[in-house]
Amino acid sequence: MTDWQERYATATRDVYRATLLDIAKSDTRVFCVDTDMGGLEDGFEAELPDQYVNVGIAEANLMGVSAGLAAEGLLPFANTIASFAATRACEQVKVDIAGNALPVRIVGTHGGFSAGHYGPTHHAVEDVAIMRSLPNLTVLVPADAAETEYAVRALADTEQLPGPVYLRLGRKATPLVHRGPYTFRIGQADLLRPGRDVTLVASGPVPVAESVAAAELLAGRGIAARVLNLHTVKPLDAEAVLSAARETAGLVTVEDHLVTGGLGGAVAELTAAHHPCRVHRIGVPDGFHDQVGTETELLARAGVTAPAIAGAAEEVMRERN
Amino acid sequence: MSTPTTTTATDHAAMEHATTEHAATERASSDSATAERTTAEQAQLMREQILQMGTGPDGTHVGGSLSSADLLTVLYQEVLRLRPEEPDWPDRDRFILSKGHASAALYAALSARGFLPAEELAEYGTSGSRLAGHPLRRLPGVEFPTGSLGHGLSLGVGTALALRRTGRSGRAYVLMGDGELQEGSVWEAAMSAAHLRLGGLTAIVDRNRLQITGDTEERMGLEPLAGKWRSFGWQVLTVDGHDLDALRAAFAALPGPTGQPVVIIADTVKGKGVPLFENKKKSHSVKLSPNLHRRALAGLRARSRRQS
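These protein sequence lines map, in sequence, to chains A and B. Sequential numbering of the first sequence, starting at 1, is according to the working numbering. Sequential numbering of the second sequence, starting at 1, is according to the working numbering.
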């Protein structure tokens, strides 16, 4: 195991906490706003009590307080669960944060089905659709712990990112996508694998990992699948997506989110306007998913597996021929 | 959420209310010379301007603007430290109109303080104007756009916390409607402000006792209101919201940045100063026809003459 693999063999939220503390030590604008999440008090509050506040289990308050802090020149990281950020506190995000284009970093853990057996109150499969629809918001979905560190460090740059950001994280350790350092740029798709036959466009830890595995399966069948990690869902890297639409048979989008409104929706909107092509969307179907299971089990039921992705890619190619 | 409804007020019987206001003059609303006016005269001018904005294309929230007029005038004329020529002055006081539907009163206050030309008030609600039915963020002097009820106090908590953290001298003031207190988010913010001892944050409640469908106590009772705030850890000052001296005294008694936050419960009259509208739930949102405006203005001026 390389140092890289050892360092990032952890959950996105764990590396987030460590990175946040690290940047806050040198950037006194950073302000950690907690809603009693558990885990921020031991590290962050213990070391930097003057840059920490717990506003209680009160997500509407979280967003309003964070907007107030940001308006005064601080750089608040608003911490809650993805579902609560996007649905419970949606209006405060829309009006107070997004509407004012304030540099609040909204950090939602338990993205997608990563809350597992906690059930649908704690799942967030509509958050990307909601956040993507709000003005001025950048929407980031890191694919693994290493990418999370890149993203969190990028969030401290208020010249590059003067507006609000939604950072969607998971809960448990997920596979590493990269084996070592790479170039991470917000708004720029990460080309994980070249290919000219078909393109897999993925966001989120499990979807990206399963897409990479699907490309391996397809390679064994003589199909060269391009794999794009869209860690930035908004603004979408239009050039990377449209190039894939032009250069390959079609697109398969893969996400741990509803098939409407999220990555698949964004890709379908873009291609419909600029280069109509076959877009097969894999993700969570419409419904209230009140079934018990682990993250990977729940996603497997939704069809987010390497074999299903490979099958969809082959179907896209057959339809093209 | 706010669900304003617009009704055209019909003739209501005038109601007499004794107040401690001083005499008001009958200056034209467009007169922007403010230096020689007393605070009471400014409040009277604000009321005339509110009525004028009510003649705009879709009317305005007349009742709740008139009930806030005296406390907003005291705030903007005597309390808030602001620099109209430098709206983002770091040490300014921050005022947040959480009851954003009283925007007409706010615009009049900003105009009196020199943030807006008085002539611009005539553009209220017209296409392309900066003066919306709820304040927009582009307007100088507006800290946050508001209108959806229950947002302002959390914004004030964040603002006061940041002011304390950065060591700036400004205070944060948040004006809420009494019906607004039915929003649960208000109490999230109230709890946190007291817990964090944000003495630099002052809440003001315009207690006019009427919401769109009627008396607050019949629709969704708020009493015991002072007791609610006290139990949430606030110091409560209950004042006559139309008594300028009482308001002055309340604003003079505020704590430092780590003190117990104060809420000023201002007992007010919805539609205050205009007999047609006083204590009328239908005054909530009114489009004033020329005829209605003429009668409303005459009532307002007659009232002020009697008190002079």
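Where is the CB? At the ideal position from N, CA and C, for every residue including glycine.
Return no unless some Cβ of chain A is closer than 8 Å to the Cβ of B:L97. Taking the second sequence and counting its residues from 1, the one referred to as residue 97 of chain B is at position 97. Not closer than 8 Å to any Cβ of chain A, the Cβ of B:L97 fails to qualify, so no.
According to a CB-to-CB cut-off of less than 8 Å, which residues of the stretch 188 to 210 of chain B neighbour chain E? Absence of chain E from the displayed structure is noted, the protein chains being A and B.
Euclidean distance between Cα positions of B:S129 and B:R113: Working through the second sequence from its first residue, we reach residue 129 of chain B at position 129. Working through the second sequence from its first residue, we reach residue 113 of chain B at position 113. The alpha-carbon atoms of B:S129 and B:R113 are separated by roughly 20 Å.
With 8 Å set as the bound, which would you pick, yes or no: does the beta-carbon of B:F144 sit closer than that to a beta-carbon of chain A? Numbered from its first residue, the second sequence carries residue 144 of chain B at position 144. Cβ-Cβ to chain A under 8 Å: yes for B:F144.
DSSP three-state assignment for B:Q235, whether helix, strand or coil: As a first step, residue 235 of chain B must be located in the second sequence, where it is residue number 235. B:Q235: strand per DSSP, three-state reduction.
Could you tell me which whole alpha helix (DSSP H) segments of length 4 or greater appear in the stretch 156 to 228 of chain B? 184 to 195 and 216 to 219
Beta-carbon spacing of B:G227, B:A266 below 8 Å: For this step, residue 227 of chain B is matched to residue 227 along the second sequence. For this step, residue 266 of chain B is matched to residue 266 along the second sequence. Contact flag unset, no.
Tell me the residue span of the beta strand (DSSP E) that contains A:V55. Against the first sequence, residue 55 of chain A aligns to sequence position 55. Premise fails: A:V55 is in no beta strand (DSSP E) and is neither H nor E.
Listed by chain order, chain A residues near B:H151 by CB distance under 7 Å: By one-based count along the second sequence, residue 151 of chain B stands at place 151. Result: G64, Q92, V95 and D96.
I want to know whether the stretch 80 to 100 of chain A touches the stretch 109 to 125 of chain B - three or more CB-CB distances under 8 Å. no
Within 10 angstroms of the Cβ of A:I282, are there 16 or more other Cβ atoms? Answer buried if so, exposed if not. As a first step, residue 282 of chain A must be located in the first sequence, where it is residue number 282. Buried is the call here.
Report the neighbours of B:V157 on chain A: residues whose CB is nearer than 8 Å to its CB, in chain order. Along the second sequence, one-based indexing puts residue 157 of chain B at 157. The answer, in chain order, is V55, N61, G64, V65 and G68.
Quick check: the Cα distance between B:D178 and B:D215, rounded to an integer number of angstroms? Indexing the second sequence from 1 puts residue 178 of chain B at position 178. Indexing the second sequence from 1 puts residue 215 of chain B at position 215. The straight-line gap from Cα to Cα measures roughly 11 Å.
Taking the beta strand (DSSP E) that A:V279 falls in, what are its first and last residues? Walking along the first sequence from the start, residue 279 of chain A turns up at place 279. A:V279 -> beta strand (DSSP E) spans V279 to V284.
Measure the CB-CB distance between A:T248 and A:R196 and report whether it falls below 8 Å. Position 248 of the first sequence, counted from the first residue, corresponds to residue 248 of chain A. Position 196 of the first sequence, counted from the first residue, corresponds to residue 196 of chain A. Yes. Within cutoff.
Less than 8 Å between CB atoms is the rule here; does A:N100 satisfy it with respect to chain B? The residue given as residue 100 of chain A occupies position 100 in the first sequence. Yes, contact with chain B.
Measure from the alpha carbon of A:I130 to the alpha carbon of each residue in A:H257, A:V292 and A:Q291, then state which is nearest. Here residue 130 of chain A refers to the residue found at position 130 of the first sequence. Taking only the C-alpha atoms, the option nearest A:I130 is A:H257.
So what's A:I223 in DSSP terms, helix, strand or just coil? Position 223 of the first sequence, counting from 1, holds the residue named residue 223 of chain A. Residue state, collapsed to three classes: coil.
On the DSSP letters alone, give me the boundaries of the alpha helix (DSSP H) that A:A108 sits inside. Taking the first residue of the first sequence as position 1, residue 108 of chain A is located at position 108. Note that residue 108 of chain A is Gly in the sequence shown here, rather than Ala. Element bounds for A:G108: not the alpha helix (DSSP H) but the beta strand (DSSP E), R105 to T109.
Could you name the residues of the same chain whose beta carbon sits closer than 7 Å to that of B:G199, not counting the 5 residues immediately before and after it, in chain order? Numbered from its first residue, the second sequence carries residue 199 of chain B at position 199. Within the same chain, B:G199 has close Cβ partners P255, G256, P257, T258, G259, Q260 and P261.
Might you give, ordered along the chain, the residues of its own chain that have their beta carbon closer than 8 Å to the beta carbon of B:G133, omitting 5 neighbours on each side? Mapped onto the second sequence, residue 133 of chain B falls at position 133. Once the five neighbours on either side are set aside, the close Cβ partners of B:G133 are P4, D58, T60, H61, H101, S103, G125 and G147.
Taking all protein chains shown into account, decide if B:W229 is buried (16 or more other Cβ within 10 angstroms of its Cβ) or exposed. As a working mapping, residue 229 of chain B is identified with position 229 in the second sequence. Label assigned to B:W229: buried.
Could you check if B:A33 is buried or exposed, using at least 16 other CB atoms within 10 Å of its CB as the buried criterion? For this step, residue 33 of chain B is matched to residue 33 along the second sequence. Reliability of the predicted coordinates at B:A33 is poor, the pLDDT of 47 falling under 50, and no value is obtained from them.
Look at the Cβ atom of B:W234, then the Cβ atom of B:A189, and state whether they are nearer than 8 Å. Residue numbering aside, residue 234 of chain B sits at position 234 when the second sequence is read from its first letter. Residue numbering aside, residue 189 of chain B sits at position 189 when the second sequence is read from its first letter. Their beta carbons are not under 8 Å apart, which means B:W234 does not touch B:A189 by this criterion.
Using three-state DSSP, classify A:D256 as helix, strand or coil. Here residue 256 of chain A corresponds to residue number 256 of the first sequence, with the count starting at 1. Reduced to three states, the DSSP call for A:D256 is strand.
Close beta carbons around B:L155, own chain, < 7 Å, minus the five adjacent residues each side: Within the second sequence, residue 155 of chain B is the residue found at index 155, counting from 1. Correct list, in chain order: I96 and F144.
Name the residue from A:A312, A:E6, A:R301 and A:I23 whose alpha carbon lies nearest to the alpha carbon of A:H280. Stepping through the first sequence from its first residue, residue 280 of chain A is reached at position 280. Per the Cα distances, A:A312.
Supposed close pair B:L175, B:K270 - CB separation, criterion 8 Å: For the purposes of this step, residue 175 of chain B is identified with residue 175 of the second sequence, where counting begins at 1. For the purposes of this step, residue 270 of chain B is identified with residue 270 of the second sequence, where counting begins at 1. Going by Cβ atoms, the distance from B:L175 to B:K270 rounds to 15 Å, so no, they are not a contact pair.
Is the Cβ of B:R165 closer than 8 Å to any Cβ of chain A? Stepping through the second sequence from its first residue, residue 165 of chain B is reached at position 165. True, the Cβ-Cβ gap to chain A drops below 8 Å.
Could you tell me whether any Cβ in chain A is nearer than 8 Å to the Cβ of B:R294? Counting from one through the second sequence, the residue named residue 294 of chain B turns up at place 294. Not closer than 8 Å to any Cβ of chain A, the Cβ of B:R294 fails to qualify, so no.
Distance check for B:H293 and A:A60, CA to CA, integer angstroms please. The residue given as residue 60 of chain A occupies position 60 in the first sequence. The residue given as residue 293 of chain B occupies position 293 in the second sequence. Straight-line Cα distance between these residues: approximately 40 Å.
Excluding the five sequence neighbours on either side, which residues of its own chain have a C-beta within less than 7 Å of the C-beta of B:T159, listed in chain order? Taking the second sequence and counting its residues from 1, the one referred to as residue 159 of chain B is at position 159. The residues are R94 and A172.
Taking a Cβ distance cut-off of 9 Å, strictly less, list which residues of the stretch 118 to 143 of chain B are near chain A, in chain order. R137 and E143
By Cβ distance below 7 Å, which residues in the same chain neighbour A:A58 in space, the five residues on each side in sequence not counted? Mapped onto the first sequence, residue 58 of chain A falls at position 58. Result list for A:A58: T35, in chain order.
May I ask you to report which of helix, strand or coil DSSP gives A:D96? By one-based count along the first sequence, residue 96 of chain A stands at place 96. Helix, per DSSP.
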